[in-house]
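**Student:** Heads up, the sequence shown is in the working numbering, so the first residue is 6 and it goes up one at a time. C-beta: ideal position from N, C-alpha, C; glycine also. On a predicted model such as this, the values are computed, not experimentally measured, just so you know.
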Amino acid sequence: MNKRQAQKQITREKIITAAKQIFIEKGIINTATAQIAELAGIAHGTLFLHFPNKDALVIELLDVELIKFSDNIKQLILETSDIDKILDQYLNLIQAEEGFFSSLARELPNYKDELRRKILFRESLMREHFHQVIEKGIEQNIYTQIDIPSALTFLFGTINYYLSLKSSFVHQGSVIEKFHEQIIDIFMKILKK
């Protein structure tokens, strides 16, 4: 990577970091690209050299976070097939980035259709990791015969419910931390024979 490419990458990372901070504070819908550029310390037009619009920036930020999640979960799946351990780690990852995911879940119904589809598609990639582990557990007679997509819709719907209504459940701290054990317990009861 030459010096120009390295500087371009540094600027891109500044934009992503600034966007994440503002999205957590103000929400995605209420954030203007000019605010992101100002916090990143760049000209407003420079932001558009990296991202054609705010939606592309949201998707890039989501991809950055989910790649970390996916890599972490894939590694864990190599080490264990215990869905409760995998779910525990997934919830820990969500909790570490709860501000961003809470904002995303809260505002999701208000996004343009294309952005909403892209976000849901990326979530489905994460669901696939869980699907594989549960399917293997069913084949090994560990878990009950269950409609896996429905079970995962329940799981991810529950997580998104708590994230989207975070301020209703906690005034300070983490909603995922508050319901962490309960989410795992209920989901395991659904799967157990």
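Using a threshold of 8 Å, state whether the C-beta atoms of residue 176 and residue 96 are closer than that.
**Tutor:** Result no, Cβ atoms of residue 176 and residue 96 do not sit closer than 8 Å.
**Student:** Helix, strand or coil for residue 166 per DSSP?
**Tutor:** Residue state, collapsed to three classes: helix.
**Student:** Taking the alpha-carbon of residue 134 as reference, which of 103, 124, 72, 182 has the nearest alpha-carbon?
**Tutor:** Out of 103, 124, 72, 182, 72 has the C-alpha closest to the C-alpha of residue 134.
**Student:** Quick check on the DSSP output: the alpha helix (DSSP H) that includes residue 193 runs from which residue to which?
**Tutor:** First-last of the alpha helix (DSSP H) with residue 193: 180 to 196.
**Student:** Would you mind working out which of 132, 126, 110 sits nearest residue 181, comparing C-alpha positions?
**Tutor:** Of the candidates 132, 126, 110, the one whose C-alpha sits nearest the C-alpha of residue 181 is 110.
**Student:** Mind reading off the beta-carbon distance from residue 195 to residue 159? Whole number of angstroms is fine, and I expect it under 8 Å.
**Tutor:** Going by Cβ atoms, the distance from residue 195 to residue 159 rounds to 7 Å, so yes, they are a contact pair.
**Student:** Using CA coordinates, which residue listed in 75, 8, 52 is at the minimum distance from residue 19?
**Tutor:** Among 75, 8, 52, the Cα nearest to that of residue 19 belongs to 52.
**Student:** Distance check for residue 7 and residue 14, CA to CA, integer angstroms please.
**Tutor:** Taking the straight line joining both Cα atoms gives about 11 Å.
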